[in-house]
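As they're listed, the protein sequences go chains A and B. Residues in the first sequence are numbered from 1280 upward in steps of one, following this note's numbering. Residues in the second sequence are numbered from 29 upward in steps of one, following this note's numbering. The structure under discussion appears below in the form of structure tokens.
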Amino acid sequence: MMSLWQSFVELIHELIPWLDGGIATVIIILIKGIALVLPLIIMMAYMTYAERKVIGYMQLRIGPNRVGPIGLLQPFADVIKMMFKEIIFPTKANIYLFLLAPILAFVPAVAIWVVIPLGEGFYITNLDVSLLYVLAIGSVGVYGIIIAGWASNSKYPLLGALRSTALLVSYEIVIGFVIVTVVMVAGSVNLNEIVEGQKGGAWNWYFIPLFPMMIVFWISALTETNRAPFDVVEGESEIVGGTHVEYSGMCFALFFMAEYINMIMMAALAVLLFFGGWHSPFEGLPYLESLFEFVPDLVWLLVKMSFFLFLYLWIRATFPRFRYDQIMRLCWKVFLPLTIIWIFVVALMTQLAIGPWF
Amino acid sequence: MFDKLIKIFKDFTLSELLLGMSVTAKELVNTKITVQFPEERTPISPRFRGIHALRRYPNGEERCIACKLCEAVCPANAITIESEMRDDGTRRTTQYDIDLFKCIYCGFCEEACPVDAIVETQIFDYAFESREGSVLTKERLLEIGDENKKLIDKTKLEDSKYR
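Right, dumping it as structure tokens:
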């Protein structure tokens, strides 16, 4: 992957030799940005299709099947519809904040992907503190929802914003502590090094020693991305549509895209932290390793990610929405004590080198 | 005490959540029961009461004799009939209107008719583009009867042995 990229960069320098290095760099950065955002948006679009299809199948329906063969062009129909819809501004709403909110929700969702490695040496930047970067930028996304709720000048969005603020802030703590355990085991906050630490077959992946933390991480990830059964931020039956009641057209689409890109990000993070990232599960096995050698890094990562994305939909199709106070109780009274205890357990085990994994 | 321990064990192993998820996973691969409506249709009883139609005798003569029994029996007053003597001396309707906004599709008109002129067909997917379109005139009713003669004859024959 990386050698391909290098030759591509050289090609750019060759094709436009009259430009000095500075502008060529800008062009390369732009191309990198597009190469990041475009597949993400296509993935997000097909995620919505997969969601409708999978949930339909679980409810004994067929799901969308009219646009294109088995409905495969449905996402494009949705996008075109969204683009041509009018953006309505509520009376007396603060228009500047009203327009800023979807951007604030969408940009951090994409910005996180800068540090997420998709294969051996296949990333946009290799930050030494990439995990901290993910946490930091991830929290900025909350502002989009808060500002959306406030700027709409309407009661349901405000209620949704209040709920989401409390929810995301609480669960961020839990996710932070879970990540601390991973960092302690890996001895690094660099995502590349964390993945490298899980090299050599499925039994070296961190989900085995950190199994309870993996569960806690996944449930918190559901909450962080406002997905069912923790989607009280939207809560269609209670507060109509939460923060995006007043949004329409592309403004709403940006929130929607931010939510789905965050989902994909959380799935990627779960794979990178607990499931060996781009490493094949058969590494080190005598026969299977050579059999699956042709599969590229990226494909292993995508296969593992799609399982987690499927899990999102599976969970949504299965469970009813939690009551708001029950979600809070789950966070503060169950997950937080559990993670703190587990931090001490992991600290002891790593320091005293107990068990086969540490 | 023991029950409480069992509950804590169940909560922490997520056993009940996994049970729920196994149910949805099973349904994921089950046969789907969706009927693709315009292409596929569910079977309809011959006694189904859809849009109305006026029938004719095999020689092309309209059956209706303007006895106004249907107008009298109609619980929603949806039927309006005007009649006069035709040139050959028979009593015929000059106006036979059914207001579909009023009609409750009870089928009493069909039951009341002594000559099986007014019937309700199996057709249920119809629409009109103006408010006036809701009133079925005599011409329209006869037209529906002519267009769907085969269907009406078949369903009425199927239903006749139970009447």
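Each residue gets a CB set at the ideal place from its N, CA and C atoms; glycine is no exception.
- Each residue's CA atom was taken as its position, placing I1540(A) and V1461(A) some 23 Å apart.
- Going by DSSP, R120(B) is part of the beta strand (DSSP E) stretching over 119-127.
- Taking a C-beta distance under 9 Å as the contact criterion, C92(B) and R75(B) do not qualify as a contact pair.
- Legend: CB atoms of the stretch 87-119 of chain B lying less than 7 Å from CB atoms of chain A are not found in any residue.
- Interface residue (Cβ-Cβ distance to chain A less than 9 Å): I61(B) is classified as such.
- Leaving aside the five residues that flank I1341(A) on each side, the residues in its chain whose CB is nearer than 7 Å to its CB run, in chain order, G1335.
- At least 9 Å separates the CB of E68(B) from every CB of chain A.
- At a cut-off of 9 Å between beta-carbon atoms, N176(B) makes no contact with chain A.
- Non-local beta-carbon contacts of M1463(A) in its own chain, meaning distances under 7 Å to residues more than five positions away in sequence, involve V1625, A1626, T1629 in chain order.
- Taking the CA atoms as reference points, L1441(A) sits about 17 Å from R1608(A).
- Under the Cβ distance rule, I1494(A) counts among the residues neighbouring chain B, one pair being separated by less than 9 Å.
- V1512(A): not part of any beta strand (DSSP E); DSSP gives it neither H nor E.
- The alpha carbon of Y190(B) has as its nearest neighbour, out of S73(B), E90(B), E99(B), D31(B), the alpha carbon of S73(B).
- Taking a contact as a CB-CB distance under 8 Å, the pair N1432(A) and A1507(A) does not count as one, their CB atoms being some 28 Å apart.
- A distance below 7 Å between beta-carbons, with the five flanking residues on each side excluded, links A94(B) to the following residues of its chain, in chain order: I109, S111, R119, R120, T121.
- With fewer than 16 other CB atoms across the displayed protein chains lying within 10 angstroms of its CB, Q1285(A) is exposed.
- One finds nothing in chain B with a Cβ atom closer than 9 Å to the Cβ of Y1328(A); even the nearest lies about 16 Å away.
- Exclusion of the five residues before and after L179(B) leaves T149, Q150 as the residues of its chain whose Cβ lies within less than 7 Å of its Cβ.
- L56(B) sits close to V1333(A), with the two beta carbons spaced by under 9 Å.
- In the three-state reduction of the DSSP assignment, F1377(A) falls in the helix class, which pools H, G and I.
- Setting aside the 5 residues that flank it on each side, A1445(A) is surrounded in the same chain by M1607, each with a C-beta closer than 8 Å to its C-beta; the list follows chain order.
- Contact annotation: F1598(A) and A1549(A) have beta-carbon atoms that are not nearer than 9 Å.
- About 6 Å separates the beta carbons of C141(B) and C98(B), which is inside the 8 Å limit, making them a contact pair.
- In this structure, the alpha-carbon of A1388(A) lies about 27 Å from that of Q1605(A).
- Counting only runs that start and end inside the stretch 1427-1484 of chain A, the alpha helix (DSSP H) elements of at least 4 residues fall at 1434-1465, 1470-1475.
- Among the CB atoms of chain A, one or more fall inside 9 Å of the CB of M49(B).
- Contact with chain A is absent for L33(B), since none of that chain's Cβ atoms lies less than 9 Å from the residue's Cβ.
- The criterion of a C-beta distance shorter than 9 Å is not satisfied by I132(B) and R83(B).
- Under DSSP, F1401(A) forms a beta bridge with G1398(A).
- Taking 9 Å as the CB threshold, T1618(A) stays off the interface with chain B.
- Beyond the five residues adjoining it in sequence on each side, T1504(A) comes within less than 7 Å, by CB distance, of E1538, N1541, M1542, M1545 in the same chain, given in chain order.
- Between V1457(A) and T1618(A), the gap from beta carbon to beta carbon is short of 9 Å.
- Identification of chain B residues near M1337(A) by a Cβ-Cβ cut-off of 7 Å yields T52, E55, L56, ordered along the chain.
- Close to R1340(A), with beta-carbon spacing below 7 Å, are these residues of chain B in chain order: K60, T62.
- L1411(A) and V1468(A) have their alpha carbons spaced roughly 7 Å apart.
- Using a CB distance cut-off of 9 Å, W1593(A) counts as an interface residue toward chain B.
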